[in-house]
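*Asks:* One structure, as structure tokens, below. Some questions next.
The structure is reproduced here in structure tokens:
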């Protein structure tokens, strides 16, 4: 990684990332300059300066609206862009079909006879990552889900072999349970000012987070931990 050159940018006070040096703005289907965000997983929420320039790049980009809309949704989710949930609905609602699949293009698009493509299945990943992300081996629950919408998910898999279930109500995480399938370090972005881990044997321990709000604890295979913002009574 240290030997790779910097991302090519347009320069100026508000630069954007280019697909190649001195490139001109053109409409994209797949956007090569967004590859570091997804699927390469190099630009994450832990690097705010890179998130800022890639967010600006995405907002200024013109895209063809054909096939790759799932990728553009995924970019927004990974960059934690406000309104990602609403943007997803704006994209998928005109493409929805009664059988539960989605068209490549909006119904009124001149190329709508393209019908369905396997890339449309990516919407499942986008919805999952609105609820749970673990890129960089740090688990975050409801990272981009709207605070004004209650939600819950059960047994989604995170990096490191962790199985996660959680619930959000009134904008707050009310339940969070993680099971380790293979052991190893569990890193979690805390949802509370004070975070407590409750083990199946009845013991509880208050955890200390780093400057980012991330806690790290060792786990053993099969260990189940329930997290809360307060000790058990």
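In the numbering used here, the protein residues as written are 246 to 478. We treat Cβ as the ideally placed atom computed from N, Cα and C, and that holds for glycine. This structure is a prediction, so every number in the text was calculated from the model and none was measured.
#1: Specify whether the stretch 440-452 and the stretch 392-405 touch according to this definition: at least 3 beta carbon pairs, one from each stretch, less than 8 Å apart.
#2: Grab me the residues of residue 302's own chain with a C-beta within less than 8 Å of its C-beta, minus the 5 sequence neighbours each way, in chain order.
#3: Whose C-beta lies closer than 7 Å to the C-beta of residue 463 among residues of the same chain, with five residues either side of it excluded?
#4: Starting from residue 376, trace the beta strand (DSSP E) in both directions and tell me its first and last residue.
#5: What residues are listed by DSSP as bridge partners for residue 341?
#6: With respect to the alpha helix (DSSP H) encompassing residue 432, which residues constitute its N-terminal and C-terminal limits?
#7: With DSSP collapsed to three states, give me the class of residue 307.
#8: In the structure shown, what three-state DSSP assignment does residue 382 receive?
#9: Using the Cα positions of residue 307 and residue 291, report the straight-line distance between them to the nearest angstrom.
#10: Compute the distance between the beta-carbons of residue 379 and residue 404, then report whether it is under 9 Å.
#11: So, using beta-carbon positions, are residue 314 and residue 340 closer together than 9 Å?
*Replies:* So, from the data block:
#1: For the pair of segments examined, the stretch 440-452 was found not to touch the stretch 392-405: the number of CB pairs separated by less than 8 Å stays below three.
#2: Residue 302 sits at position 57 when you count from the first residue of the chain shown. Apart from the 5 residues on each side of it in sequence, residue 302 sits with its Cβ closer than 8 Å to the Cβ of 261, 262, 278, 279 in its chain, given in chain order.
#3: The residue you call residue 463 lines up with position 218 of the chain shown. These residues qualify, in order along the chain: 430.
#4: Stepping through the chain shown from its first residue, residue 376 is reached at position 131. First-last for residue 376: 368-376, but that is the alpha helix (DSSP H), not the beta strand (DSSP E).
#5: Along the chain shown, read from residue 1 onward, the residue named residue 341 stands at position 96. DSSP output for residue 341 lists 347 as bridge partner(s).
#6: Stepping through the chain shown from its first residue, residue 432 is reached at position 187. Per DSSP, residue 432 is not a residue of any alpha helix (DSSP H); the beta strand (DSSP E) it occupies stretches across 429-434.
#7: Along the chain shown, one-based indexing puts residue 307 at 62. Correct three-state label for residue 307: coil.
#8: As a first step, residue 382 is located in the chain shown; it is residue number 137 there, counting from the start. Collapsing the DSSP output to three states places residue 382 in a helix.
#9: Locating residue 307 in the chain shown gives position 62, where the first residue counts as 1. Locating residue 291 in the chain shown gives position 46, where the first residue counts as 1. Each residue's Cα considered, the two are about 27 Å apart.
#10: As a first step, residue 379 is located in the chain shown; it is residue number 134 there, counting from the start. As a first step, residue 404 is located in the chain shown; it is residue number 159 there, counting from the start. Annotated as proximal: residue 379 and residue 404, with beta-carbon spacing under 9 Å.
#11: The residue you call residue 314 lines up with position 69 of the chain shown. The residue you call residue 340 lines up with position 95 of the chain shown. Closer than 9 Å, so yes.
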